[in-house]
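Accompanying notes for the structure given below.
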Amino acid sequence: ITGRTKHYINAFGEELIIENAEEALKKVCKKTKAEITDYTVAPIFMDGKSKGAHEWVIEFKQAPKSIDYFTELLDNALKSINSDYEAKRYHDMTLTMPTVHQAETGLFYEWLRQKGKLGGQHKVPRLSNNREFIEELLAMRSKV
């Protein structure tokens, strides 16, 4: 096995693996005619009364007409692909609807550049159990 074998999210027992995310995005892009350049996903941790969720930052080559519709389709695709995710999303028991941010063109490239990671061997972290990478991206969003 090669590639992004350690990329998964299991912050709430949902066991979301990279293959689930890729398959769901492929389905949703086909339905919405969107094209994705890069993306990353991290958990939004439970905070007192609020429940957990997944937060996505997606850079589109061709954006969908509605990011809300894209998010709804993504959530449904993940539920159909991953029974653990579906169980945690059931009646918003543990996880609520994902949050999807549309990244400015070049955001991921700029992050790689700032980290000195331009080149074939460096990859954008796709799924993470912590918020370090996504927080850096979100902080950079308005500056790109």
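First residue of the sequence shown? That's 490 in my numbering, and the numbers climb one at a time after it.
Don't be surprised by glycine CBs; every beta carbon is placed ideally from N, CA and C.
Taking 3 residues as the minimum length, the beta strand (DSSP E) runs contained wholly in the segment 572-616 are 588-592, in order along the chain. The beta-carbon separation of A566 and V530, rounded to 13 Å, does not stay under the 8 Å limit for a contact. Inter-residue distance for Y598 and A500 is about 27 Å (C-alpha atoms, whole angstroms). The Cβ atoms of G541 and I533 sit closer than 8 Å to each other. DSSP places F622 outside any beta strand (DSSP E); the residue lies instead in the alpha helix (DSSP H), whose first and last residues are E621 to M629. The criterion of a C-beta distance shorter than 8 Å is not satisfied by A552 and A513. Approximately 16 Å separates the beta-carbon atoms of L601 and H496; this is outside 8 Å, ruling out the contact.
Residue environment for A510: buried (at least 16 other C-beta atoms within 10 angstroms of its C-beta). In the displayed model, A552 falls within coil according to three-state DSSP, outside both helix and strand.
Taking a 10 Å sphere around the C-beta of H543, we find 16 or more other C-beta atoms and assign the residue as buried.
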